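Working notes, structure below.
Numbering (this note's numbering), first residue to last: 12 to 166.
The structure is reproduced here in structure tokens:
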């Protein structure tokens, strides 16, 4: 069993608390002992601060980072040398008439550059990484992978 301790502090009280919907900011800080603070807010569609991270972005980022870390590990133990990895992940959330929402899906789109080697194995390892990703295994919506793996070009 692993434990993760995170502190979330609301910093958006401008003196009157939540007296009305328009009189408070959604700003908060996310802290973990010994690490830099993450400035948070709600999505701008919900009166949040666009310059701060919102929970929806952090969820998509968590899925992307978890997949990447498993992929890099599996490449390492399978002798596939990754030189670059970038994922432009995207998530879709649906909102019902009452304002409740949920994620419908997330698409991870990693572009990976490997040293000359087993291109097919490098592509297959994305599926294996997806099966191990703790975050993807914990959500109740589809997480899809559309990976591109490229070999390093000889000079």
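Note that the Cβ used here is the ideal one computed from N, Cα and C, for glycine as well.
A quick note: this is a predicted structure, and the numbers were derived from the prediction, not measured.
Cα separation between residue i and residue j?
{"i": "residue 97", "j": "residue 114", "result": "23 Å"}
{"i": "residue 14", "j": "residue 21", "result": "23 Å"}
{"i": "residue 50", "j": "residue 35", "result": "16 Å"}
{"i": "residue 107", "j": "residue 57", "result": "14 Å"}
{"i": "residue 32", "j": "residue 23", "result": "12 Å"}
{"i": "residue 42", "j": "residue 79", "result": "23 Å"}
{"i": "residue 25", "j": "residue 65", "result": "20 Å"}
Given that a residue counts as buried once 16 or more other Cβ atoms are within 10 Å of its Cβ, and exposed if not, what is residue i?
{"i": "residue 103", "result": "exposed"}
{"i": "residue 74", "result": "buried"}
{"i": "residue 123", "result": "buried"}
{"i": "residue 149", "result": "exposed"}
Should residue i and residue j be called a contact, given that it needs their Cβ atoms to be closer than 8 Å?
{"i": "residue 141", "j": "residue 147", "result": "yes"}
{"i": "residue 91", "j": "residue 136", "result": "yes"}
{"i": "residue 83", "j": "residue 93", "result": "yes"}
{"i": "residue 153", "j": "residue 116", "result": "yes"}
{"i": "residue 17", "j": "residue 39", "result": "no"}
Regarding residue i and the ligand FAD, is the C-beta to nearest heavy atom distance less than 7 Å?
{"i": "residue 62", "result": "Annotation note on the ligand FAD: not contained in the displayed structure, which lists no ligands."}
For residue i and chain D, any beta-carbon pair shorter than 8 Å?
{"i": "residue 14", "result": "Looking at the structure shown, chain D is missing, and only one protein chain is on hand."}
Inset, instruction - Tell me the start and end of each unbroken beta strand (DSSP E) in the region 102-164 that is at least 3 residues and wholly inside, in chain order. - result: 112-119, 121-125, 153-156 and 159-162
Legend entry - Every unbroken beta strand (DSSP E) inside the region 16-97 [3 residues or more]: 18-21, 39-42 and 49-51
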